[in-house]
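A short worksheet on the structure shown next.
Residue numbers (the UniProt record's numbering): 1 to 361.
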């Protein structure tokens, strides 16, 4: 039995143990013969010659039984009892359980491997439970804010003293909060479907440059409002094989973030190149950038490193982006420096002019 290139013993009762049994019994039989010879030479009566071997073999049998029982208990039963106790604790929700291996890493057997796998499983279950708790907490928090906004402005709308202008402002605030709540629920549903693979990507060959241009035009009003300078460097055509509707979510999220975190009169650069095997698209901004801690968590659900912009999103966008790109055999990288902006780089396998995927021959 092998694991990670290491040979694992497939028995807890090695042949050497049975060799010990054989040697002991062989030695005991020799002593028995010696007792019989001694009895004959000393002229013991027949009763004594029968009783002494019986007592002798009774003692031998008792000793071997005790040794066997002790060996079975220490080798098999005690570890299994510990494992059973641990599984009971896990079943009751305790994921801090750890059952140590019985041997050092260079002398592992199949039971050690089972215990190590159990510990790994418990650790994963604990992580899932933590994620589940955090997810529920985050969803509750994100829903609570827009609901509170809707409630407060609805109460203001009912005030007789409110002017028509104020009523329109209150109604707009309610609409914005409702839209944010709708986006949150929509993103949660999309992410859930993607993570549970209930969305099957509809792969097709399409021009990523054309889709980028279309997505950029959708944000024209936002660029103008913040007077952001837009710099683009795109090829005439780059064909990739992906789900175009899902990739639209990727570009819209990256462009939306670039606008959101770039200060007025800042700069956003969109660059696309092909190197024969993949298409690379980078979106750079001159915004607030991220710390190293933020970069480690940027793709986590509900994580928002810059809380000053939290009202403009719910922290699910980049989690969606990462999951979509995983389904497309693509990847996303991030470079950022606190206070100096960020660059998100997406890489997708290229379809060449002969229709070959990923530059393969």
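All C-beta atoms, glycine included, are put in the ideal place defined by N, C-alpha and C.
Review point. For residue 257, which option in 348, 181, 321 and 71 has the closest C-alpha, if you only look at C-alpha atoms?
Key: Translated into positions along the chain shown, residue 257 becomes position 257. Cα-wise, what sits closest to residue 257 is 321.
Review point. When the Cα of residue 362 is compared with those of 226, 201, 212 and 263, which residue comes out closest?
Key: Since the first residue shown for the chain is 1 and the last is 361, residue 362 is missing from the structure and cannot be characterised.
**Study point:** Between the CA atoms of residue 73 and residue 81 - distance to the nearest angstrom
**Key:** Indexing the chain shown from 1 puts residue 81 at position 81. Indexing the chain shown from 1 puts residue 73 at position 73. Each residue's Cα considered, the two are about 10 Å apart.
Practice item. Could you check the C-alpha separation between residue 278 and residue 250 for me, to the nearest Å? Key: Walking along the chain shown from the start, residue 278 turns up at place 278. Walking along the chain shown from the start, residue 250 turns up at place 250. Going from the Cα of residue 278 to the Cα of residue 250 covers about 17 Å.
Check your understanding: Which residue from 231, 243 and 247 puts its Cα closest to that of residue 265?
Key -> What you label residue 265 is simply residue 265 of the chain shown in a count that begins at 1. Of 231, 243 and 247, the residue nearest in Cα terms is 231.
Point to revise | Helix, strand or coil at residue 350 [DSSP, three-state] | key: Translated into the one-based positions of the chain shown, residue 350 becomes position 350. Three-state DSSP puts residue 350 in a strand.
**Study point:** DSSP state of residue 89 mapped onto helix, strand, coil
**Key:** Numbered from its first residue, the chain shown carries residue 89 at position 89. In the three-state reduction of the DSSP assignment, residue 89 falls in the helix class, which pools H, G and I.
Exercise for review: Output the distance between the C-alpha atoms of residue 233 and residue 267, rounded to the nearest integer angstrom.
Suggested key: Start at 1 with the first residue of the chain shown, and residue 233 comes out as number 233. Start at 1 with the first residue of the chain shown, and residue 267 comes out as number 267. When rounded, the distance between both Cα atoms is 14 Å.
Practice item. For residue 296, count neighbouring C-beta atoms within 10 Å of its own C-beta (all shown protein chains included) and say buried if the count is 16 or more, exposed if not. Key: One-based indexing of the chain shown puts residue 296 at position 296. So residue 296 counts as exposed.
Review point. What residues match up with residue 272 in a beta bridge as DSSP calls it?
Key: One-based indexing of the chain shown puts residue 272 at position 272. According to DSSP, which records beta bridges pairwise, residue 272 is partnered with 281.
Review point. Under three-state DSSP, which class holds residue 341?
Key: The residue labelled residue 341 in the question sits at position 341 within the chain shown. Three-state result, residue 341: strand.
**Study point:** DSSP three-state assignment for residue 203, whether helix, strand or coil
**Key:** Start at 1 with the first residue of the chain shown, and residue 203 comes out as number 203. Secondary structure of residue 203 (DSSP, three-state): coil.
Review point. Rounded to a whole number of angstroms, what is the C-alpha to C-alpha distance between residue 216 and residue 255?
Key: Here residue 216 refers to the residue found at position 216 when the chain shown is read from its first residue. Here residue 255 refers to the residue found at position 255 when the chain shown is read from its first residue. Our two residues, residue 216 and residue 255, have alpha carbons roughly 7 Å apart in a direct line.
Point to revise | Cβ neighbours of residue 53 in the same chain (closer than 8 Å, five flanking residues each side left out) | key: For the purposes of this step, residue 53 is taken as the residue at position 53 of the chain shown. Here the set comprises 32, 35 and 36.
Check your understanding: Thinking C-alpha only, which one of 286, 123, 160 and 331 is nearest residue 339?
Key -> Residue numbering aside, residue 339 sits at position 339 when the chain shown is read from its first letter. Per the C-alpha coordinates, the member of 286, 123, 160 and 331 positioned closest to residue 339 is 286.
Practice item. Measuring alpha carbon to alpha carbon, tell me which of 180, 76, 125 and 86 ends up nearest residue 99. Key: Sequence index remark: in the chain shown, residue 99 carries index 99 (1-based). Closest by alpha carbon: 86.
**Study point:** Minimum C-alpha distance to residue 350 - residue among 103, 181, 91 and 281
**Key:** Within the chain shown, the letter at position 350 stands for residue 350. Nearest C-alpha to residue 350: 281.
Practice item. Could you give the DSSP three-state label for residue 94: helix, strand or coil? Key: Here residue 94 refers to the residue found at position 94 when the chain shown is read from its first residue. Coil at residue 94, not helix or strand.
Review point. Across which residues does DSSP place residue 241 in a beta bridge pair?
Key: Working through the chain shown from its first residue, we reach residue 241 at position 241. Residue 241 is bridged to 205.
Check your understanding: Under 8 Å, do residue 204 and residue 244 count as touching if we go by C-beta distance?
Key -> Within the chain shown, numbered from 1, the residue matching residue 204 stands at position 204. Within the chain shown, numbered from 1, the residue matching residue 244 stands at position 244. In this structure, residue 204 lies near residue 244, with their beta-carbon atoms less than 8 Å apart.
Exercise for review: Identify the continuous beta strand (DSSP E) that holds residue 230 and give its terminal residues.
Suggested key: Here residue 230 is taken as the residue at index 230 of the chain shown, counted from 1. Residues 229–233.
Point to revise | Spatial neighbours of residue 38 in its chain, beta-carbon cut-off 6 Å, leaving aside the 5 residues before and after | key: Indexing the chain shown from 1 puts residue 38 at position 38. Close CB contacts of residue 38 within its chain, under the 6 Å cut and outside five residues either way in sequence, are absent.
Practice item. Evaluate residue 333 with the Cβ neighbour count: other Cβ atoms within 10 Å of its Cβ, from every protein chain shown; 16 or more gives buried, anything less gives exposed. Key: What you label residue 333 is simply residue 333 of the chain shown in a count that begins at 1. Flag for residue 333 reads exposed.
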